Amino acid sequence: MTSRQNQLIMGNFLGRNFGDDLMLKGLLEEGSSDHRVVLCQVMPESDGGLPAAVDVSPMGLRTLMSQAGSARVLVLAGGTHHQYLRSHPRLAQYKVLVKWLVVYLIMRLRGVRLEMRAVGVGPFESVLSRLLARACLRLQSAVTVRDPSSLELLRGWGTPVEMEVDLAVPYLTGWSDRRSSGVESPPAPYTVLAPAFANFDQEWWIDQVNLHVPSGQAVVLFASGRQSSGSDDEINRALAERLSSSYPCTFVDFTGDTEEALQLLAGATRIIAARYHVVLTARLLGRDLIADIYHPKVNDALAFEAI
0 MTSRQNQLIM GNFLGRNFGD DLMLKGLLEE GSSDHRVVLC QVMPESDGGL PAAVDVSPMG
60 LRTLMSQAGS ARVLVLAGGT HHQYLRSHPR LAQYKVLVKW LVVYLIMRLR GVRLEMRAVG
120 VGPFESVLSR LLARACLRLQ SAVTVRDPSS LELLRGWGTP VEMEVDLAVP YLTGWSDRRS
180 SGVESPPAPY TVLAPAFANF DQEWWIDQVN LHVPSGQAVV LFASGRQSSG SDDEINRALA
240 ERLSSSYPCT FVDFTGDTEE ALQLLAGATR IIAARYHVVL TARLLGRDLI ADIYHPKVND
300 ALAFEAI
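If you read the sequence shown in numbering that gives the first Met the number 0, its first letter stands for residue 0, the second for the next number, and so on.
Here it is, written out as structure tokens:
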């Protein structure tokens, strides 16, 4: 009989999303006796500097079926993977929720333990999305959430749930400690813009730059997230078209190098951001921050204090 010793870790990992890669690093630093397999929605060009003992596989039905026999646990690590917003395309969101439900059913039928670690859940702005989400949650063996709004929602549903600090926080704390032990250069005169393509209000971003960034100061447009439904890169280029006459603009696309991204954020004089983990990083590193609160989770990130 095959020994069940694999820990399968799911998420939008390895070059697709800055925040997810920070959370993955935090999770892997915890240590485990399990052999770990990271399941990626899109296979990366590189492994992002993962430990040699960690394997990478595509996240698909074939992979799940082949891994199920040796898997002890399937972990959904951080992120907001379960939500439904009326402002977003309806069919695409329902497909995502159904996909997760199918994955959970298959793995439970194969005897695999299911865990959600430090996730954000909701909101669910339709009856059907709430039914699908509750079905997904009932199949979990353990659930922890990273924010009070998710905790309140799930406890209202009667779901056994606990709070857990975002998985990126321990990694960022360690990174800041390592950085502060060296010689720290003064912040360079540049502002980082890190919008999110979801609920993007271009005029709000233009107004913030004009109000808070001195004319002529360098602006770095940081594309920190890519999904099948869109990319931050697209909106960054639209912003640059509007700003380039007054501000020299450069582009940085996150491709999996968390060290490079952290150095970029740590060295900025100012960060204007919508993405949860960019806001969280700016807060923990004590950077001057203006947040686009397009989602309740951004308020949760603002609650953190500087390390």
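Using N, Cα and C, we set each Cβ at its ideal position, and we do this for glycine too. All of these numbers come straight from a predicted model, not from anything done at the bench.
Candidates the options: closest to residue i by CA position
i, options, result
"Tyr293", "Glu240, Gln201, Cys248", "Gln201"
"Glu259", "Leu7, Leu21, His81", "Leu21"
"Trp99", "Gly68, Ser69, Leu63, Gly110", "Leu63"
"Leu263", "Tyr189, Ser65, Val212", "Tyr189"
"Ile105", "Gln66, Gly30, Gly255", "Gln66"
"Val251", "Arg107, Arg112, Leu279, Asn16", "Asn16"
"Val72", "Gly255, His80, Gln4", "Gln4"
"Val41", "Ser244, Arg225, Ala267", "Arg225"
"Asp232", "Asn209, Ser148, Phe199", "Phe199"
"Gly30", "Cys39, Leu49, Leu242", "Leu49"
"Arg107", "Val95, Val97, Ala70, Leu96", "Ala70"
"His87", "Ala197, Val212, Thr249, Ile234", "Ala197"
"Ile306", "Phe12, Leu153, Gly10, Ser175", "Ser175"
"Ser32", "Leu13, Gln6, Ser56", "Gln6"
"Thr268", "Leu279, Tyr275, Leu261, Arg286", "Arg286"
"Ser56", "Glu304, Leu13, Val101", "Leu13"
"Glu28", "Thr172, Leu242, Gly255, Leu131", "Thr172"
"Leu284", "Arg177, Val208, Trp204", "Arg177"
"Thr257", "Glu163, Arg89, Ala167", "Ala167"
"Cys39", "Gly10, Ser243, Gln207", "Gly10"
"Arg61", "Asp165, Thr254, Val101", "Val101"
Other residues of its chain near residue i: CB distance less than 6 angstroms, five sequence neighbours each side excluded
i, result
"Arg85", "Glu124"
"Val277", "Ala193, Ser223"
"Pro169", "Gly25"
"Val74", "Ile8, Glu114, Arg116"
"Leu288", "Ile270, Ala281"
"Thr79", "Gly119"
"Ser245", "Ser214"
"Tyr83", "Gln92, Phe123, Glu124, Ser125, Ser128"
"Asp291", "Ala273"
"Val212", "Thr190"
"Ser148", "Pro295"
Same chain, Cβ closer than 8 angstroms to residue i, five either side skipped, listed in chain order
i, result
"Asp54", "His34, Arg35, Val36, Val37"
"Val97", "Leu131"
Simplified DSSP assignment, three categories, for residue i
i, result
"Met9", "strand"
"Ser128", "helix"
"Ser230", "strand"
"Ile292", "coil"
"Thr257", "helix"
"Arg116", "strand"
"Arg270", "Per the sequence presented here, residue 270 reads as Ile, with Arg not at that position. Ile270: strand per DSSP, three-state reduction."
"Asn298", "helix"
"Arg241", "helix"
"Met0", "Low confidence applies here, because Met0 scores a pLDDT of 40, under 50, leaving its location unreliable; read the following figure in that light. In this structure, Met0 counts as coil in the three-state DSSP scheme."
"Leu171", "helix"
"Thr143", "strand"
"Phe303", "coil"
"Leu41", "With the sequence shown as reference, residue 41 is identified as Val, and Leu is not the correct amino acid for it. It is coil, neither helix nor strand."
"Arg89", "helix"
"Val165", "The amino acid occupying residue 165 in the given sequence is Asp; Val does not appear at that position. Here Asp165 sits in coil by DSSP."
"Asp33", "coil"
"Thr249", "strand"
"Gly121", "strand"
"Arg225", "strand"
Cut-off 7 angstroms between Cβ atoms - residues of its own chain near residue i, not counting five sequence neighbours on either side
i, result
"Ala141", "Glu114"
"Leu210", "none"
"Thr1", "With a pLDDT of 49 at Thr1, under the threshold of 50, the modelled position of that residue is not reliable, and no figure is offered here."
"Leu150", "Val144, Val160, Met162"
"Ser230", "Phe196, Ala222"
"Tyr103", "Leu113, Cys135, Leu138"
"Cys248", "Val218, Leu220, Ala239, Leu242"
"Leu301", "Val278, Arg282, Ala290"
Check your understanding: When the Cβ atoms of the region 158-170 are set against those of the region 235-248, are three or more pairs found closer than 8 angstroms?
Key -> A contact is defined here as three or more CB-CB pairs under 8 angstroms, and the region 158-170 fails this definition with respect to the region 235-248.
Review point. If you pair each beta-carbon of the region 205-222 with each one of the region 293-305, do three or more pairs fall below 8 angstroms?
Key: At 8 angstroms Cβ cutoff, the stretches do not touch.
Exercise for review: Starting from the N-terminal side, write out each stretch of the alpha helix (DSSP H) that is 4 residues or longer and does not extend beyond the region 49-84.
Suggested key: Counting whole runs of 4 or more residues, the region 49-84 contains the alpha helix (DSSP H) stretches 60-67.
Practice item. Could I get the ranges of all uninterrupted beta strand (DSSP E) runs contained in the region 176-223, with 3 residues as the minimum, in chain order? Key: Runs found: 187-193, 217-222.
Check your understanding: Between the region 102-117 and the region 136-155, are three or more C-beta pairs nearer than 8 angstroms?
Key -> Contact between the region 102-117 and the region 136-155 is present, because at least three Cβ pairs lie under 8 angstroms.
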